[in-house]
Amino acid sequence: MDWAGRKILVTGGAGFLGANLCHALAARGAVVTALDGFLFGGGANPANLDGADVTLVRADIREIDLRNLCEGVDVIFNLAAQTSHMGGQRDPLADIDINAVAQVKLIQAAREAAPAAIVVHASTRQFYGRPQYLPVDEKHPVAPPDANGVSKFAGEQYWMIEHRTAGRPVVSLRLTNCYGPRLRIRDARQTFLGIWIRRVLEGQPFEVWGGDQLRDMTYVDDVTEAFLAAVNPACYGRVFNIGGPPPASLLEIAGLMARIVPEAQFVTREFPADRATIDIGSYHADDSAFRMATGWAPKVGLEEGISRSIEWYRSRLKNYL
Ligand SMILES: NC(=O)c1ccc[n+]([C@@H]2O[C@H](COP(=O)([O-])OP(=O)(O)OC[C@H]3O[C@@H](n4cnc5c(N)ncnc54)[C@H](O)[C@@H]3O)[C@@H](O)[C@H]2O)c1
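Going by the working numbering, 150 is the number at position 143 of the sequence shown; the sequence numbering is gapless.
Here it is as structure tokens:
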């Protein structure tokens, strides 16, 4: 797609993945509106959009009239979500409200104001639950381990229904753990790597919970490229897993961190009991369907991605604490 002059709406546009996508779209000449409600505990950060030629609308998708924002839009990248698994357990009603009910609201608004807009929806590997086999492909049974998994699955499925019943071009990308610049690193609410980066830059030891779990961490530039590549007729009406480079265990990732920053130290501890009940164990994706449909492949290996992330935060740490 030639992005120059295209009118784009990015929901969740001040968050981690949304902001990186906004930067990429604006750099390609798109006319970008980022909608974000700056939800407590999420990844939204005003600094995330520094330097991007993007219009930021601060509003909650549950509350505003979304039709004006959808008017004349060519593509909606739909990333706004309640993303905390523990948060979803604590307040499942708020979780459903954002991840499912507000999705239906956006679908209705887009039907009126942007009937032809393409939608790329940010979905998650979370609702596969504890994998029955690895790597996980799109045929793997869905068995959400927590409330957030249920609401995210519902939101995705409402969008897929919109494709089947209204013919809208919709693609859903089931993302694995993503990391890189603009990740929330203040605490462990986004991915574990966020708090690890913070601790390393503050000269403190970080904690590895468990250690044997496998993860296929995707560097954010590769995620951004996946979102852009999904705007492709070969993808419409389909759900795709998006993975990263070959999987590594948490202990291997911690070891890499210590190689990159020689002063980095870590301690291992048992997986906290309150999280163990919703933990999915090891995960890595079979994303060959998306690679085949689009030619996309992750380009940034773990060591390079972690190095780039550490360097990025060194000079910006104060904006992210
Ligand atoms: N980062 C990952 O590893 C990962 C993995 C799987 C799926 N995802 C999905 O990708 C999307 C983006 O995730 P992220 O990691 O960038 O999270 P994030 O928290 O950084 O971004 C989500 C953004 O949505 C905004 N938002 C939430 N509720 C809103 C509402 N009611 N109204 C307006 N804005 C609202 C938040 O303020 C936040 O900025 C989400 O849909 C998430 O489920 C992310």
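Glycine included, C-beta positions come from ideal geometry on N, C-alpha and C.
Item: Can you grab the Cα-Cα spacing for the pair residue 138 / residue 150, in whole Å?; Value: 9 Å
Item: Can you tell which of 57, 183, 308, 153 has its C-alpha closest to the C-alpha of residue 20?; Value: 57
Item: Do residue 252 and residue 309 have their C-beta atoms within less than 7 Å of each other?; Value: yes
Item: Buried or exposed for residue 90, going by 16 or more other Cβ atoms inside 10 Å?; Value: buried
Item: Do the CB positions of residue 248 and residue 286 come within less than 7 Å of each other?; Value: no
Item: Heavy atom of ligand 1 less than 6 Å from the Cβ of residue 29, yes or no?; Value: no
Item: Considering just the uninterrupted stretch of the beta strand (DSSP E) at residue 40, what are its terminal residues?; Value: 38 to 43
Item: Quick check: does the Cβ of residue 184 come within less than 6 Å of any heavy atom belonging to ligand 1?; Value: yes
Item: Hey, how far is the Cα of residue 324 from the Cα of residue 25?; Value: 20 Å
Item: On the CB-based measure, 16 or more other CB atoms within 10 Å of its CB, does residue 222 come out buried or exposed?; Value: buried
Item: Which residues bound the alpha helix (DSSP H) around residue 259?; Value: 257 to 267
Item: Please confirm if the segment 65 to 81 is in contact with the segment 115 to 123, defined as three or more CB-CB distances below 8 Å between the two stretches.; Value: yes
Item: Let me make sure I understand the geometry here. Which of 34, 238, 94 has the alpha-carbon closest to that of residue 46?; Value: 94
Item: Would you call the CB atoms of residue 166 and residue 177 closer than 7 Å?; Value: yes
Item: Can you give me the C-alpha to C-alpha distance between residue 274 and residue 69, rounded to a whole angstrom?; Value: 41 Å
Item: So, using beta-carbon positions, are residue 50 and residue 22 closer together than 7 Å?; Value: yes
Item: State the CB to CB distance for the pair residue 292 and residue 143, rounded to an integer number of angstroms; the pair is presumed to be in contact (CB under 8 Å).; Value: 6 Å
Item: Is the beta carbon of residue 219 less than 7 Å from the beta carbon of residue 307?; Value: no
Item: Is residue 119 helix, strand or coil by DSSP?; Value: helix
Item: Is it right to say residue 102 is buried, meaning 16 or more other beta carbons lie within 10 angstroms of its own, or is it exposed?; Value: buried
Item: Quick one, which of 164, 321, 261, 300 has its alpha-carbon nearest residue 241's?; Value: 300
Item: Helix, strand or coil for residue 238? Go by DSSP, reduced to three states.; Value: coil
Item: When DSSP builds the beta bridges, which residues end up paired with residue 226?; Value: 186
Item: Check whether the Cβ of residue 195 lies closer than 6 Å to any heavy atom of ligand 1, and answer yes or no.; Value: no
Item: Between the C-alpha atoms of residue 238 and residue 8, what's the straight-line distance to the nearest angstrom?; Value: 7 Å
Item: Roughly how many whole angstroms lie between the Cα atoms of residue 182 and residue 246?; Value: 11 Å
Item: Does DSSP put residue 159 in a helix, in a strand, or in coil?; Value: helix
Item: Check whether the Cβ of residue 174 sits closer than 6 Å to any heavy atom of ligand 1, and report yes or no.; Value: no
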